[in-house]
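To start, the structure under review is shown below, and the notes come after it.
Numbering (the working numbering), first residue to last: 152 to 295.
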């Protein structure tokens, strides 16, 4: 059911042809994308990344800077919902596990959110990954 809702949501956002200016788009990431040994504070500023290459944060920062969109990391669902509900945010690309995406989509309606499932090479909640190409494609769907 979760997978179906996520696919249906993404289809609906694309069908509506939701568009926003780059500065009105948020890429929302879970903290688990950051390598678990990293001490950098990405919650306050993603540009604190030291580009060590142990995770994909460098690639996400580069992509978001290139396209002019906002990139934020959240420590949990409550913080994520707060970031999405910001009135300056018109559209979102949310990266998370299926469970978190499902719950997030339900709590942030009617904000347009394209959901990108993260990769779990080490299991849930630790050193996860994401297809940068899928994130890029989602962003290009939203940028006006």
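From the three backbone atoms N, C-alpha and C, an ideal C-beta is built for every residue, glycine too. What you are looking at is a predicted structure, and each value in this text was computed from that prediction instead of being measured.
Please state whether DSSP places residue 194 in a helix, a strand or coil. coil
Cβ distance (whole Å) where residue 229 is taken to contact residue 245 below 8 Å: No, residue 229 and residue 245 are not in contact; Cβ-Cβ is about 14 Å, not under 8 Å.
With distances taken between CB atoms, is the gap from residue 197 to residue 177 smaller than 8 Å? no
CA-CA distance, residue 234 and residue 162? 23 Å
Is residue 175 closer than 8 Å to residue 242 when the C-beta atoms are compared? yes
Between which residues of its own chain and residue 278 is the CB-CB distance below 8 Å, once the five residues before and five after are set aside? 183, 186, 187, 206, 272
On the premise that residue 268 lies in contact with residue 290, defined as a C-beta separation below 8 Å, what is that separation, rounded to the nearest angstrom? Residue 290 to residue 268, Cβ: 16 Å. No contact.
Residue ranges of each alpha helix (DSSP H) within the segment 220–273, 4 or longer: 228–235, 249–258
Have a look at 212, 264, 154 and flag the residue whose alpha-carbon is nearest the alpha-carbon of residue 164. 264
Tell me which same chain residues have a C-beta within less than 7 Å of the C-beta of residue 239, skipping the five on either side of it? 175
Inter-residue spacing [alpha-carbon to alpha-carbon] between residue 262 and residue 179: 13 Å
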